[in-house]
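Numbering (the UniProt record's numbering), first residue to last: 1 to 250.
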């Protein structure tokens, strides 16, 4: 008999996070989703239409709010077996020469902070309870340099190394940390927004031509996250796993 998992999904009101919540609920897990907008949170709950789903409003770029989110989720669920951290924003690609100096670090931080802060916030709880699993999302821009993705790549590389180093530190406490790096993911608002942008649209239209296995769907990324937090992946930690349909093979 499958044991119901207690899962917090930061950034779970749309895109990959929401797809992950839907999959886990279908499998009998208990899920708390979080996001900045209460309105989007309520809309996400309506779309999930499940009694074991609830929402917590949280700006994942705010350390204090991340701490409060973890405490509230743990109180509702009676603990947290897994965190799926997918709240990081992914700004539109822009050439470095077109990025003002004053915008560079804020742009990097908008992607970096909302992904790594929830992972840090859940650490004391998972340490005290003797284990847990954390999955963070970055992108292949953290592995492969691409024109227009200098800031994005810096943030994604930061997430990747954060996960590797956190996995090294926390394995003795029974905590596993892994990172998923998609490239282009259809079925998300981010995809549609990027494709509508003149520069990003050209960039990703060319990239899609290299996806000989097919362009990745949000549900497929959710399935990989589900595996990484499962008992079947209990020996897997510190890994960065690409899912790109063949756009890149790094």
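The beta-carbon is built from N, C-alpha and C at its ideal position, and this holds for glycine as well.
Secondary structure of residue 101 (DSSP, three-state): helix.
When DSSP states are grouped into helix, strand and coil, residue 129 belongs to the helix group. Rounded to whole angstroms, the separation of the alpha carbons of residue 93 and residue 103 is 13 Å.
DSSP places residue 30 in the strand class (E or B) of the three-state scheme.
According to the DSSP assignment, residue 53 belongs to the beta strand (DSSP E) that extends over 53-57. Cβ neighbours of residue 126 within its own chain (closer than 6 Å, five residues either side excluded): 132 and 175. Residues of the same chain with a CB within less than 6 Å of the CB of residue 163, apart from the 5 flanking positions on each side, are 136, 177 and 179 in chain order. Annotated as distal: residue 57 and residue 76, with beta-carbon spacing of 9 Å or more.
By the neighbour-count definition (other C-beta atoms within 10 Å, threshold 16), residue 172 is an exposed residue.
DSSP, reduced to helix, strand and coil, places residue 242 within a strand of the structure shown. When rounded, the separation of the alpha-carbon atoms in residue 17 and residue 119 is 15 Å. About 6 Å separates the beta carbons of residue 4 and residue 30, which is inside the 8 Å limit, making them a contact pair.
Annotated three-state conformation of residue 92 is coil, per DSSP. Per DSSP, residue 182 lies in no alpha helix (DSSP H); the unbroken beta strand (DSSP E) holding it starts and ends at 175-182.
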